[in-house]
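Only one structure is covered here, and it is reproduced in the block below.
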Amino acid sequence: LVLALVAALGCGERDAFWNSPPSSGKLKTWAFPDAVALFDEGANRIAVLKVKSDLTVAPTFVPVEGTLVASAVTPPDAQGLRRLLLVTEPGPGAATLADGSSARLTIVEPKATVAPIALPLSRPLRGLAIDPEGAWAVLHAEGTSGGGLVVNPNELILVKLDQEVPEVRPHTLRSFGGKPQRFTFTPMLQLPGGPRRLLVVETEKDVALVNLKEAPEPDLTVQLTNGVDTRTLSPAGVVFTDGQAAVNDDARLAIRLKNDASVVLVQLVPSPGRDYGAAINVVDVGGVPDDVAFVHTDGGALALAALVSSRSAAVLVDPVTSVKVEVALPTPFTHLALVTSALAGGGTGAAPSPGDANEPDIALLWSPSAPSVSFWALGQAVGKPYRSLENVQLTDAINGLIDLPRPHLDRKLLAGRGQDFYLLDLTARTVDPFLSGTSGTTLRAGLSGQWAWAFLPSHDTLARLDLTTKHPDTVTLGRSIDDVFEIATDDAVAGASHALLALHAAGDLSATVLDADATGSAWGTRQVTTSLLLGR
Amino acid sequence: MSERFFPPENEGETIMRRTCRRAAPASACLGLALILALPAFVGAEVALAAPGAVEGRAAAAGPGAREISAPDVPPEPSSSAAGVDVPVAAPAEGTPLPPAGADSAAGSVPGWPHRPPPRHPWVGFGPSADQTSYVVERNAVPKRPVPRVPGGLFVTAVGLRSTRVSSTSYQPFSENKAFAEVEIDAGVRVFRDETKAFYLGLAGGWGMTEAPARGATAHLEAARAELLAQGAYAFRSFLMAIGRVSAGALWRDARLVGEAVGNLEQKVWLPQGAAYLGLAARVPASRVDLLFSVEGGYAFVPNRRLRLGPETTSLRESTTPVDLGDLSLGGPGVALRAALLF
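In structure tokens:
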């Protein structure tokens, strides 16, 4: 009896919340200009961390119902808002969510004080593609998932985000047997039917164009062929151009193929009863292209540039006449990035003058297998191709380019494949190497544009690189760093305006916050907030 | 001899009727004696359990009882002093019995000048009506011996106390809602009468709990020092009611230890009090008394914000305290104690 009494007094287990660590694996985080969001897997919620000017961290929590299956952050929309999109489906043993829906899209705006928006979905789709302008999202089946025993992978759910109540628009692709592989949102194009945005859906064998206007319009599907044989050709990427601003029938798409040397050029032309039709032209560039882009060459003429690494060459194609110019490259480059806008206004990001739209482009060429980058001045590429290239030698091949915000738009960080990384000055055409001593250094661009950040995951040392003086400062935090974010503080009037937040995910979750802009002896003073996810 | 009990007018009745008529008063007396003897049988069990119970009964009988009991009865034989009540056997066959209605309380039992009075109305084996009447009269006095609290001047106890802590801030520290403590206390008797005793003393307790809390380890330790007042009321010599009231200070040490956390801690002193009631069983031992008690009650501890901060700080790094909300270690609880009185 006594034991029963004691047991009765002590009975009642604590909440399961306390028994589950925040993350069982890699911590899932999303960066915002003024916040960092992370998934508290143990408590099934999103924690939004904001930093005050005194460098203390204030977490707020958004509960998640069901199982999180997809997530993405939108780029800033027209109002500058970035949103976190979360797709959830019923958890194990549950048939539906609390509202009876099979899945849910939750939209969280860390900057706003409004409650998250929850949109019921008809089926749990685990693929999520985001419009680079932040206005659209598309949910699609991914792999074998699709929310049922039988799944139609061509059933999409389009979500228009840039309105007070987001609109959910189911859409079924007209299919010729393919399944969606990649989604690309075009910018606003001047089409014969008016300004329109398109969603380009690449399947294994064709490309579908979905008109995103209010009234639905049947899809336009481009069947892929090289015009020579009957092989099934697969798309490998799509680029587009609006052409001249005043002309509404010169918008074009270029589709490079994964298994053929051809590039399919699609001109969006007038079509009866539709906003646009398609005029297709196939151009052989001499080898399977690794990358393509619409560029402006001499006199602002539009051309399609294709990199053919198998021939160490770049090919310029006139989209109207299909005339080709081949430029020999010093290295078999595989990637092409236009840096023209970054160089406008001396790299300050000043808006280009009206006449700049057709100015010749400058492209940066690089390859993960080559220890060099090249500047390609396309204004000279047609007439004097041998003088159009300027090569910059590196000591190591690079993995990728990291864009930097203004006022250093004209600089890029080149992440080396080994221990080093580089700061490339596009204006001066110089490159500064930085030696990290250990491979695996992770680079982050700062928010203010003054700094770049480098850290080694699972180490406690952090470096701040001054993008103006190119001087690195190192600080040791004493805790293993899992990720770093430079964000704006929540109330920047009194104290620091930019903070560097370093997350320590080992065990419980903690954060070290530094004043990102501190200099001299103030640099390195930090505030540690531990056990961030113990709050309810 | 039977002629004495049968008046001449009844000589003509049958044997059966005569037997029934003779048995009627004896049956009535036997029934009454059984009723009166029932509490005394309980007392006999008590006496078996507790030394000194006989003494207690004699003392507790009081003056009124002494008037009825035989004042000229010699001291109890050793068998009674040992606390074992031996039923008095019926007189042997042929022993002269006092006449019916004789005043046995006056000690005029012929032939039994030194025989101790039977303390239990042990009635059985079909004594005669005269014998029944005799036994009932001599044992109607201490029908129920009154138990007595232990006689030790000092008391010391050890025990376990479990408090149900309902505060949500307690959840990081324990996987259930119980906070267990080891207790020790000591006191001195300041009052005692036949059924009650009162003690004053000091009490102390210590408890600890630890649990994983979302990747960190939460550790809570508490110690208390109190002034203690406790009383006992003896229902029986082996069964007592216990009441305890204590007040003092509680030292609470809460820690959060983690790989990224380091060591965050809060140490506070808080006032605290408790009131417990329970039952204690007394077990005789040589020269001391042992009590085992089960108690239930409530501990009062004020809420205090649980803000865990670093043990050390540096100029380059400061740590934001972790705020877990208000925590009180008070609540209802049970306690098991073993006490030694000497």
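Chains as they are written, first to last, in the numbering used here: chain A, 937 to 1472; chain B, 78 to 419. Beta carbons are placed, not taken as given, at the ideal position from N, Cα and C, and that holds for glycine. Quick caveat: nothing in here was measured; it's all calculated off a predicted structure.
Given 8 Å as the limit, is there contact between the segment 328-347 of chain B and the segment 361-371 of chain B, that is, 3 or more CB pairs closer than that?
-> Because the criterion of three Cβ pairs below 8 Å is not met, the segment 328-347 of chain B and the segment 361-371 of chain B do not touch.
Terminal residues of the beta strand (DSSP E) in which ALA1214 of chain A lies | Here the beta strand (DSSP E) through ALA1214 of chain A covers 1210-1220.
Tell me whether ASN87 of chain B is buried or exposed, calling it buried when 16 or more other Cβ atoms sit within 10 Å of its Cβ.
-> Unreliable positioning characterises ASN87 of chain B in this predicted model, as indicated by a pLDDT of 47, which lies under 50. The coordinate reading is nonetheless provided below. Its Cβ having fewer than 16 others within 10 Å, ASN87 of chain B is exposed.
Flag GLN1329 of chain A as yes if its beta-carbon sits less than 9 Å from any beta-carbon of chain B, otherwise no.
-> Judged by the 9 Å Cβ criterion, GLN1329 of chain A is not in contact with chain B.
Amino acids of chain A, ordered along the chain, whose beta-carbon sits closer than 7 Å to that of LEU333 of chain B | Chain-order list of chain A residues neighbouring LEU333 of chain B: SER1467, by C-beta distance under 7 Å.
Would you say THR396 of chain B faces chain A, with C-beta separation under 9 Å as the test?
-> Yes, its Cβ sits closer than 9 Å to a Cβ of chain A.
Going straight from the alpha carbon of GLN1329 of chain A to that of PRO1307 of chain A, what length do you get?
-> Cα to Cα, the separation comes out at about 6 Å.
Cβ of ALA979 of chain A within 9 Å of any chain B Cβ | Yes, its Cβ sits closer than 9 Å to a Cβ of chain B.
Cross-strand partners of GLU1262 of chain A (DSSP beta bridge) | DSSP lists A:VAL1251 as partners of GLU1262 of chain A.
Closer than 7 Å by C-beta to ASN1162 of chain A: which residues in its own chain qualify, once you throw out the five before and the five after it? Chain order, please.
-> Contacts found: LEU1169, ASP1196, SER1198 and VAL1218.
Beta-ladder partner(s) of PHE275 of chain B, from DSSP | Secondary-structure assignment with DSSP links PHE275 of chain B through a beta bridge to B:PHE268 and B:GLY308.
Tell me the start and end of each unbroken alpha helix (DSSP H) in the segment 350-384 of chain B that is at least 4 residues and wholly inside, in chain order.
-> Runs found: none.
Counting pairs of beta carbons, one from the segment 271-281 of chain B and one from the segment 249-258 of chain B, are three or more of them closer than 8 Å?
-> The segment 271-281 of chain B, when compared against the segment 249-258 of chain B, does not touch it at the 8 Å Cβ threshold.
Do PRO1128 of chain A and GLY1213 of chain A come within 9 Å of each other at the CB atom, strictly closer than that value?
-> Yes, the pair counts as a contact, with Cβ atoms nearer than the cut-off.
In chain B, what lies closer than 7 Å to ASP957 of chain A by C-beta?
-> Per the sequence presented here, residue 957 of chain A reads as Pro, with Asp not at that position. Chain B residues near PRO957 of chain A: ARG291 and GLY292.
Short CB-CB distance (under 9 Å) between ARG1400 of chain A and chain B | Closer than 9 Å: no.
Answer yes or no: do LEU1398 of chain A and LEU1436 of chain A have a C-beta to C-beta separation smaller than 9 Å?
-> Closer than 9 Å, so yes.
What's the C-alpha gap between THR1425 of chain A and THR1455 of chain A?
-> Near 17 Å, if we compare the C-alpha coordinates of THR1455 of chain A and THR1425 of chain A.
Using the beta-carbon of each residue, which ones in chain B are nearer than 8 Å to GLN1463 of chain A?
-> Here the neighbours are GLU394, SER395, THR396 and THR397.
Report yes or no: do the segment 373-382 of chain B and the segment 403-415 of chain B share at least 3 C-beta pairs separated by less than 8 Å?
-> The segment 373-382 of chain B and the segment 403-415 of chain B touch, with no fewer than 3 CB-CB distances between them shorter than 8 Å.
Any Cβ of chain B within less than 9 Å of the Cβ of TRP1072 of chain A?
-> At a cut-off of 9 Å between beta carbons, TRP1072 of chain A makes no contact with chain B.
Under 8 Å by Cβ, that's how I've got PRO1171 of chain A and VAL1143 of chain A pegged, so tell me the actual separation to the nearest angstrom.
-> With a beta-carbon spacing of about 5 Å, PRO1171 of chain A and VAL1143 of chain A fall inside the 8 Å limit used to define contacts.
Any idea which residues DSSP pairs TYR1473 of chain A with across the strands?
-> Given a span of 937 to 1472 for chain A in the structure shown, any question on residue 1473 of chain A remains unanswerable.
Beta-carbon contacts of GLU132 of chain B that lie in its chain and below 7 Å, excluding the five residues immediately before and after = Confidence at GLU132 of chain B is low in this model, with a pLDDT of 39, below 50, so the placement of that residue is unreliable and no value is reported for it.
Select from the segment 371-386 of chain B all residues with a C-beta closer than 9 Å to any C-beta belonging to chain A, and list them in chain order.
-> From the segment 371-386 of chain B, only VAL371, GLY373 and LEU385 have a Cβ closer than 9 Å to chain A.
From A:GLU1103, A:VAL1101 and A:PHE1119, pick the residue whose C-alpha is nearest to that of LEU1109 of chain A; which is it?
-> Between LEU1109 of chain A and the set A:GLU1103, A:VAL1101 and A:PHE1119, the nearest pair of CA atoms involves A:PHE1119.
In angstroms with no decimal places, state the Cα-to-Cα distance between SER246 of chain B and LEU404 of chain B.
-> Rounded to the nearest angstrom, the two C-alpha atoms are 5 Å apart.
Cβ atoms of ASP1297 of chain A and THR1270 of chain A: under 9 Å apart, would you say?
-> No, they are not a contact pair.
Is the CB of ALA288 of chain B under 9 Å away from at least one CB in chain A?
-> Yes, its Cβ sits closer than 9 Å to a Cβ of chain A.
Please classify ALA1278 of chain A: does DSSP put it in a helix, a strand, or coil?
-> Three-state DSSP puts ALA1278 of chain A in a helix.
Is GLY1456 of chain A helix, strand or coil when you go by DSSP?
-> GLY1456 of chain A: helix per DSSP, three-state reduction.
Boundaries of the beta strand (DSSP E) in which LYS1096 of chain A is found, first to last residue | Segment 1091-1096, the beta strand (DSSP E) holding LYS1096 of chain A.
Helix, strand or coil for VAL1245 of chain A, going by three-state DSSP, please let me know.
-> The sequence given here places Ser at residue 1245 of chain A; Val does not occur at that position. Reduced to three states, the DSSP call for SER1245 of chain A is helix.
Does the beta carbon of LYS254 of chain B come closer than 9 Å to any beta carbon on chain A?
-> At a cut-off of 9 Å between C-beta atoms, LYS254 of chain B counts as an interface residue with respect to chain A.
If LEU1022 of chain A and VAL1044 of chain A are in contact, beta carbons under 8 Å, what's the gap, nearest whole angstrom?
-> Contact annotation, LEU1022 of chain A with VAL1044 of chain A: C-beta distance approximately 7 Å; criterion of less than 8 Å satisfied.
Sequence-distant residues of the same chain with beta carbon closer than 6 Å to SER1384 of chain A, five excluded per side = Excluding its 5 nearest sequence neighbours in each direction, SER1384 of chain A has C-beta neighbours in its own chain below 6 Å: HIS1434, listed in chain order.
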